[in-house]
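Undergrad: Residue numbers (our numbering), protein chains in the order written: chain Z, 424 to 762; chain Y, 424 to 762. All C-beta atoms in this analysis are idealised placements derived from N, C-alpha and C, irrespective of residue type, glycine included.
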């Protein structure tokens, strides 16, 4: 984090000029203004930090950081907004408000977080899109900002978190498919390094080992987390000599592409290929047959996040909680086709 | 807006107790704490307003207020996040950051906005989901908070705004359909009182009058802005004795329900019913035939919002701008079926 003084020294111009340039005053040479703004951005300038640090703890505002790139990939994300709605409702009951901190696709997550924390507008932060090695966790710990993660990292023994039951989802889904007679089961994973991808993959591998099913890397598809990824996955899997008979999805919207690609190939979901999505999503009810998926109560999750961050703010340890789901089987799964 | 002093007077307890209750200190009777929190919420308490007012103008943060209920209805909203991504990218170039202020479905828009403004965490505000009579505009004007609206209200001559070209969309679409021979054209509208609904309806009516086409209230369908609304609209329209031959949608995701309902009825999009969506949305590319819709460049819109609010912050009048779109005709429209 850079002060206005450091910015002025770096640029070799007066603090007054830097201040006028940053505040859009008209009496600054346009070329100088551009230089100042570029340097402020590059060096991570955040105004008036000392004052802000002193005021910290008084905004009664909780920030939840999201990455717009991953939300855009997931089609605008019908998971996140219901959770935010419930979290904000609960926080407002306790005289707090929630703001969403959108890190843009052009920004670095740590510079962004560091800058926003420096602005002193939030008392505590909820992080989403957690990586296995997530430097934001160390950043917030060092700065002493109370935080909670929606998702586990590799070091989540040290902080409060709530996460969905990715392991349980894979375990239940694979058990259900194996019970139906499936032996070659494919899985889609996110292309980014979010930790949920690692958890899904590790659980998938350990299940196969435990059930003495052979592992085939061709059945593990890293794809975009949307219907485009579903089309790609099915196209690739159907081109294999030894096709899988079932497919597990890391995100339910992928199912849209899976269904349409199978339909175009003249194949039937639940007969030629059994499909299990991730979350039961009412917005996918137009899929036929309905998608076998995990029912996850989002409003309750939002409330738990709010209660969790309030606990952390009170100095309590806060939750370390795997949020449960229930698998609802539909006609999107069935016995494997006869060879 | 209520101060801690007013809150204490209202509750007939000491300021110290109110403060300790709000700050979660352990030495407060739980019943008292609940009373204080309930009153703080009810009376719209925001901490430390005078101090915050003095600091205003220094957070370098712009808030964009959204209503989670309408975003949830629109399936998580794949319009909003790309716009936010681009706006945040542009603001960061000018040493500002964007935060999203999510007003929950349980909250009142004015209490929410008033509370968030009182927290002093943003220098300026972008409002979305604009109503024809939108009390938030007067609220921000009175408080002297710089603002810009994404959408016009009935009084938008007095402030900066950027809006999509709803009139142009209806005009172009109806002209295209009439040129193909359609005379009975239905339209879906939002159920809420967002001003875009009024604009779509007024343009639809004035076009019919100008082209001497009869107006039939049965062809105006106020529905949920998602695929559910599309199913309902088609079911109602197909039950009419004198069916429409074309349908104009106020939001493109409605098309999902329209397409599947028509398919179930054994009817063909573009032959039995011509359909025009609102925005060209790459996430609907699995629809077959592709949807005739307006192409609206979202990243450029986000950048324009950022530039607009920065202009307002500099004390300039700011934009009053209808954001253009281009209609792309596909096989979702064609001549009306032979009677």
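#1: Find the residues of chain Z that neighbour residue 680/Y, judging by a C-beta separation of less than 9 Å, and give them in chain order.
#2: What does residue 645/Z pair with, by DSSP beta-bridge criteria?
#3: What do you get for residue 475/Z, buried or exposed, if any count of 16 or more other CB atoms within 10 angstroms of its CB means buried?
#4: Under a Cβ-count criterion, where at least 16 other Cβ atoms within 10 Å of its own Cβ denotes burial, should residue 477/Z be classed as buried or exposed?
#5: Would residue 491/Y count as contacting chain Z if we go by Cβ distances under 7 Å?
#6: Helix, strand or coil for residue 502/Z per DSSP?
#7: In the structure shown, what three-state DSSP assignment does residue 741/Y receive?
#8: Please identify the residue among 507/Y, 750/Y, 664/Y whose C-alpha is closest to the C-alpha of residue 488/Y.
#9: Can you tell me whether residue 435/Z is buried or exposed, with buried defined as 16 or more other CB within 10 angstroms of its CB?
#10: In chain order, which continuous runs of the beta strand (DSSP E) of length 3 or greater are located wholly inside the region 646-674 of chain Z?
#11: Go ahead and pull the three-state DSSP assignment for residue 753/Z.
#12: Return the residue from the list 704/Y, 528/Y, 652/Y, 589/Y that minimises the CA-CA distance to residue 713/Y.
#13: Taking the beta strand (DSSP E) that residue 735/Y belongs to, which residues open and close that run?
#14: Mapping DSSP to helix, strand and coil, what is residue 434/Z?
#15: Who are the Cβ neighbours of residue 510/Z in its own chain at under 6 Å, not counting the five residues just before and after it?
#16: Alpha carbons only, please: which of 523/Y, 577/Y, 583/Y is nearest the one belonging to residue 539/Y?
#17: Go ahead and pull the three-state DSSP assignment for residue 709/Y.
#18: I need the straight-line Cα distance from residue 554/Y to residue 427/Y, nearest angstrom please.
#19: Which residues share a DSSP beta bridge with residue 639/Z?
#20: Between the region 596-607 of chain Z and the region 568-579 of chain Z, can you find at least three pairs of beta-carbon atoms closer than 8 Å?
#21: Nearest chain Y C-beta to residue 650/Z closer than 7 Å, yes or no?
#22: With distances taken Cα to Cα, identify the nearest neighbour of residue 744/Z among 586/Z, 760/Z, 755/Z.
#23: For residue 632/Z and residue 594/Z, which I take to be in contact (beta-carbon distance under 8 Å), what is that distance rounded to the nearest angstrom?
#24: Using a Cβ-Cβ cutoff of 8 Å, what residues of the region 523-536 of chain Y are near chain Z? List them in chain order.
#25: Is there a Cβ from chain Y that is less than 7 Å from the Cβ of residue 668/Z?
#26: Report all residues from its chain with a CB closer than 6 Å to the CB of residue 592/Y; omit the five preceding and five following residues, and keep chain order.
#27: Starting from the beta carbon of residue 507/Y, find every residue of chain Z whose beta carbon is closer than 7 Å, and list them in chain order.
#28: Rounded to whole angstroms, what's the CA-CA distance from residue 472/Y to residue 433/Y? Just pull it up for me.
#29: For chain Y, is any of its Cβ atoms less than 7 Å away from the one on residue 544/Z?
#30: DSSP three-state label for residue 529/Y, please.
#31: Using beta carbons (cut-off 7 Å, strictly below), is residue 683/Z in contact with chain Y?
#32: Can you tell me the Cα-Cα spacing of residue 441/Z and residue 486/Y, whole angstroms?
#33: Between residue 757/Y and residue 693/Y, how many whole angstroms is the CB-CB distance? I'm expecting something under 8 Å.
#34: Tell me the residue span of the beta strand (DSSP E) that contains residue 547/Z.
#35: Determine the DSSP secondary structure at residue 441/Y, reduced to helix, strand or coil.
TA: Reading it off the structure:
#1: Under the 9 Å cutoff, chain Z gives 709.
#2: Looking at the DSSP assignment, residue 645/Z forms a beta bridge with 612/Z.
#3: Residue confidence is low: residue 475/Z scores 39 on pLDDT, short of 50, so the model does not pin down where it sits. No coordinate-derived value is stated.
#4: Reliability of the predicted coordinates at residue 477/Z is poor, the pLDDT of 39 falling under 50, and the value obtained from them is presented with this limitation in mind. In the assembly as shown, residue 477/Z is an exposed residue. Its beta-carbon has fewer than 16 other beta-carbons within 10 Å.
#5: Look at residue 491/Y: its C-beta is under 7 Å from a C-beta on chain Z.
#6: Here residue 502/Z sits in coil by DSSP.
#7: DSSP places residue 741/Y in coil when its eight states are reduced to three.
#8: Ranked by Cα distance from residue 488/Y, the options 507/Y, 750/Y, 664/Y are led by 507/Y.
#9: By the 10 Å Cβ count, residue 435/Z comes out exposed.
#10: With a minimum length of 3 residues, the unbroken runs of beta strand (DSSP E) contained wholly in the region 646-674 of chain Z fall at 669-671.
#11: Coil, per DSSP.
#12: It is 704/Y whose Cα lies nearest to the Cα of residue 713/Y.
#13: Judged by DSSP secondary structure, residue 735/Y falls outside any beta strand (DSSP E) and instead within the alpha helix (DSSP H) spanning 721-736.
#14: Three-state DSSP puts residue 434/Z in a helix.
#15: Short of 6 Å from the beta carbon of residue 510/Z, and not among the five residues preceding or following it, lie these beta carbons of its own chain, in chain order: 521, 725, 728, 729.
#16: Among 523/Y, 577/Y, 583/Y, the Cα nearest to that of residue 539/Y is on 523/Y.
#17: Three-state result, residue 709/Y: coil.
#18: Using only the alpha carbons, I get a separation of about 33 Å.
#19: In DSSP, residue 639/Z forms no bridge with anything.
#20: In short, these stretches do not touch, since the Cβ pair count stays below three.
#21: With a threshold of 7 Å between beta carbons, residue 650/Z makes contact with chain Y.
#22: Ranked by how close their Cα comes to the Cα of residue 744/Z, the residues 586/Z, 760/Z, 755/Z have 586/Z in first place.
#23: Not a contact, Cβ separation roughly 13 Å.
#24: When CB distances to chain Z are screened at a threshold of 8 Å, the residues of the region 523-536 of chain Y falling below it are 523, 524, 525, 526, 527, 528, 529, 530, 535, in chain order.
#25: Output row for residue 668/Z: interface = no.
#26: So the qualifying residues of the chain are 717.
#27: The answer, in chain order, is 491, 525.
#28: At residue 472/Y, the pLDDT of 36 sits below 50, so the modelled position is not reliable; the number obtained from the coordinates is stated separately. Approximately 18 Å, taken between the alpha carbons.
#29: True, the Cβ-Cβ gap to chain Y drops below 7 Å.
#30: Looking at residue 529/Y - three-state DSSP - the assignment turns out to be coil, as it is neither helix nor strand.
#31: So yes, residue 683/Z belongs to the interface.
#32: Their backbone Cα atoms lie some 24 Å apart in a straight line.
#33: The pair is a contact, with the Cβ atoms about 5 Å apart (cut-off 8 Å).
#34: Element bounds for residue 547/Z: 547-550.
#35: Of the three classes helix, strand and coil, the one that applies to residue 441/Y here is helix, per DSSP.
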